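Undergrad:
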Amino acid sequence: MSALSASRNATDAQLPVFKPLLPPSRQVPQHWQGQHCVALPAAAALAELDYAAVMASRAQLQGLFAADDPWPPADLTLADDRADLAWHATEFQQGKSFAYSLLSHDRSRCLGCLYLYPTASPAHGGEAYLWTRTTEPEPLRQAIEAEVITWLANDWPLQNLAWPGRSMPFNQWPYANYYSVKR
Numbered sequence: 006m007s008a009l010s011a012s013r014n015a016t017d018a019q020l021p022v023f024k025p026l027l028p029p030s031r032q033v034p035q036h037w038q039g040q041h042c043v044a045l046p047a048a049a050a051l052a053e054l055d056y057a058a059v060m061a062s063r064a065q066l067q068g069l070f071a072a073d074d075p076w077p078p079a080d081l082t083l084a085d086d087r088a089d090l091a092w093h094a095t096e097f098q099q100g101k102s103f104a105y106s107l108l109s110h111d112r113s114r115c116l117g118c119l120y121l122y123p124t125a126s127p128a129h130g131g132e133a134y135l136w137t138r139t140t141e142p143e144p145l146r147q148a149i150e151a152e153v154i155t156w157l158a159n160d161w162p163l164q165n166l167a168w169p170g171r172s173m174p175f176n177q178w179p180y181a182n183y184y185s186v187k188r
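Oh and the sequence shown: position 30 is 35 in our numbering, straight run, nothing missing.
(1) So Ala44 is in the beta strand (DSSP E); what residue range does that whole segment cover?
(2) Please name the residue in Leu107, Trp92, Ser126, Tyr56 whose C-alpha comes closest to that of Pro179.
(3) Find out if the Cβ-Cβ distance for the pair Trp76, Leu66 is shorter than 8 Å.
(4) Which residues bound the beta strand (DSSP E) around Phe103?
(5) Given a threshold of 16 other Cβ atoms within 10 Å of its Cβ, counted over all protein chains shown, does Val22 qualify as buried or as exposed?
(6) How would you call Asp86, buried or exposed, if buried means at least 16 neighbouring beta carbons within 10 angstroms?
(7) What are the boundary residues of the beta strand (DSSP E) that Glu132 is part of?
(8) Rounding to the nearest angstrom, what Cα-Cα distance links Ser102 and Glu132 in this structure?
(9) Hey, quick one: how far does the beta strand (DSSP E) through Tyr120 stretch, first residue to last?
(10) Based on DSSP bridge pairs, tell me the residues matched to Pro28.
(11) Using only the alpha-carbon positions, how far apart do His204 and Leu145 sit?
(12) Is Pro21 helix, strand or coil when you go by DSSP?
(13) Leu27: which of Leu116, Asn176, Gly117, His129 sits nearest, CA to CA?
(14) Decide yes or no for the touch test of the segment 154-165 against the segment 55-66: beta carbon pairs closer than 8 Å, at least 3 of them.
(15) In the DSSP assignment, the alpha helix (DSSP H) including Leu145 goes from what residue to what residue?
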């Protein structure tokens, strides 16, 4: 065994074990339309809209996935964001995790994103992370968040979703975040 293989095996042994979100045969929504936004699977084709929203909301997004998570960095480029969205699209197609871009009804603006990830928590069926663009009026942001959370509760077969950083502080969430580990 080469030193590189041994190093990879040692690193892999230290990674958390994430439970699959859904059985492989389970279909997931490819589209959802709420009163205030449309949810579409995150994709590289949406990079320009997503990048504008991410950079407009950068300060709010830092710490979204973990208390000390520096994403998105100040030097994030459109190419970086496009690559990240391509990763999310591959994950979605493979049924591993599900990221949705939340767009205006006319699909001209990204209003935020929803991320559904596997979890290492034995007590939860998955982890959810949600953000809305900080340049939008607060009542609209709250309405989008409320309707997306209702959509998850009513239309997704996920049991006991955890909302780290939202419904519980990160210092009470001892599990690694899938996105932070995998990206």
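Backbone N, C-alpha and C define an ideal beta-carbon position, used for all residues, glycine too.
These figures come from a predicted structure and were not determined experimentally.
TA: Reading from the atomic positions:
(1) That run of the beta strand (DSSP E) goes 43-46.
(2) Considering only Leu107, Trp92, Ser126, Tyr56, the residue with the shortest C-alpha distance to Pro179 is Ser126.
(3) Closer than 8 Å, so yes.
(4) Taken as a continuous stretch (DSSP letters only), the beta strand (DSSP E) holding Phe103 covers 103-108.
(5) By the neighbour-count criterion, in which 16 or more other beta carbons inside 10 Å mark a residue as buried, Val22 falls on the exposed side.
(6) Burial state of Asp86 is buried, judged by a 10 Å Cβ sphere holding 16 or more other Cβ atoms.
(7) Counting along the chain, the beta strand (DSSP E) containing Glu132 begins and ends at 131-137.
(8) Near 10 Å, if we compare the C-alpha coordinates of Glu132 and Ser102.
(9) Run containing Tyr120: 115-122, per the beta strand (DSSP E) assignment.
(10) In the DSSP output, where bridge partners are listed per residue, Pro28 has none listed.
(11) The question about residue 204 has no answer, for the chain in this structure spans 6 to 188.
(12) Coil at Pro21, not helix or strand.
(13) The shortest CA-to-CA distance from Leu27 to any of Leu116, Asn176, Gly117, His129 is the one to His129.
(14) Short answer: they don't touch.
(15) 143-160 is the span of the alpha helix (DSSP H), which, as asked, contains Leu145.
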